[in-house]
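First up is the structure itself, then whatever we jot down about it.
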Amino acid sequence: IKNHIHYYASAPLSPSKTITMSSSSCLDPDDDSSSPPYPQPHRWASLADRLNPNRPAFDPQLKASWKTIDKSERKRIISQDRKAIQALKARGTANPLPFQADPDDHCETSPVAYKHIAPLLNFIAERLGKKPHELEIYDPYYCAGGMVPHLAKLGFPKVYNKCEDFYEVISQKRVPSHDVVLTNPPYSGDHFDKLLTFLSENNKPALLLLPEHFSKNKSSLYSPDEFCFLTSPERYHYWTPQGMRPEKEVKKRKQHRNLVLGNRNSPFASHWFVYIGPIMTNESFLSLANGGYLPLVEGCRIHKKQDNIQPTTFKGSMRNDSEEDSGKKKRRRRRSKKQTEE
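Heads up: take any position in the sequence shown, counting from 1, add 4, and you land on this note's numbering.
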């Protein structure tokens, strides 16, 4: 992937029209000096998807003209498509990370989760007197850079998420200019404690995607009264770029995979911890949110206290009583059938 790679956009294009992308250190999609080093999720589709009428990225113009394209041109198109796919598969492992990381922390946030907090980002931008595309967003924890194109698609192009050691950046006083911290931090070790220390000194609003069971037991610095909580109508999936958790990929061969996003996992229910204090009080924020001033995505809710969040808030995080009874009946029937056969 160190060479230039040509790939086709998902919008209908003539067969010969290509887009060039070049690689950069650590596959950094926020590097303004060059094009993105790997196909961006919201504007790329594989050749197979574009030729398949059953896929959302189906390109009827390309399909209709495919057999009339010169054989050598088709070979070139296929070759470039393979290179783009290889770049996607290698985006998480092409270069070593400049910091030690627990493989279990290699999980990128679902695009759906970013969609749910877009209204909050719009709100923060308005409070700061900025337009959404002017809002400077900082995610200090780098995985493979997937959040940058996800947020750009939602109208937030100014995102800083670079392949660098967050704690080294702090020690060297190189924290980039930003208006809000938005991150799905690593859950292992003392990362949460270090993040809270940074937020207490940073004096900027923050949106943190964390497991629902996170509490003061994880960090003595955590105070639930400093946060509001945004819950979603569904359980969030997390995505691990291919190759970043090789041992688990071998064990879970049937794991759902997405060429652009990676391998899907959903180990626990999670929601957004909203630290809005630097720009307004929690009470004022809740009043605006509950009063309809802050239009949330359907099914999302903002809570004052973490204790107010019921497990049933998360679709799929718990089964209701009827589902539990149904499951028990099925297991009894299977046992009964097995005994009869014996």
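C-beta: ideal position from N, C-alpha, C; glycine also.
Since the structure is predicted, the reported quantities are computational estimates derived from the model, not experimental observations.
Distance CB(His137)-CB(Phe160) smaller than 8 Å:
yes
For a test of the three-state rule: what should DSSP assign to Thr201, helix, strand or coil?
helix
Touching by the beta-carbon criterion (3+ pairs, under 8 Å), the region 229-246 and the region 278-294:
yes
With 16 other Cβ atoms within 10 Å as the buried cut-off, status of Gly149:
buried
What are the start and end residues of the beta strand (DSSP E) that includes Ala210?
Ala210 to Pro215
According to DSSP, His195 sits in a beta bridge with which residue or residues?
His195 pairs with nothing; no bridge assigned.
Let me check one thing: in DSSP terms, what residues is Trp276 bridge-paired to?
Leu213 and Leu234
Minimum C-alpha distance to Phe218 - residue among Leu200, Glu205 and Asn206:
Leu200
Would you kindly check if the distance between the Cβ of Tyr240 and the Cβ of Val185 is under 8 Å?
no
Contained alpha helix (DSSP H) runs [length at least 4] in the region 129-182, N- to C-terminal order
151-157 and 170-175
Where do the ends of the alpha helix (DSSP H) carrying Arg54 lie?
Leu51 to Leu55
Tell me which residues share the same chain as Val301 and place their Cβ nearer than 6 Å to its Cβ, disregarding the 5 neighbours each side in the sequence.
His120
Distance, Ala49 Cα to Arg78 Cα
17 Å
C-alpha distance - Ser227 paired with Phe170, whole-angstrom precision
If I take the Cα positions, the gap works out to 23 Å.
Can you tell me the Cβ-Cβ gap for Gly303 and Pro209, rounded? I've got them flagged as a contact below 8 Å.
Not a contact, Cβ separation roughly 23 Å.
Backbone CA spacing between Pro57 and Gln90 [nearest angstrom]:
24 Å
Start and end of the beta strand (DSSP E) containing Leu186?
Val184 to Thr187
Got a sec? Which residues, its chain only, sit under 6 Å from Ala61 by beta carbon, not counting five neighbours each side?
Ser14, Ala49, Asp53 and Arg54
Taking all protein chains shown into account, decide if Glu112 is buried (16 or more other Cβ within 10 angstroms of its Cβ) or exposed.
Glu112 comes out buried.
Output the boundary residues of the alpha helix (DSSP H) element that contains Phe289.
Asn286 to Asn294
Determine the extent of the alpha helix (DSSP H) in which Ser69 is found, giving its start and end residues.
For Ser69, the enclosing alpha helix (DSSP H) covers residues Pro64 to Ser69.
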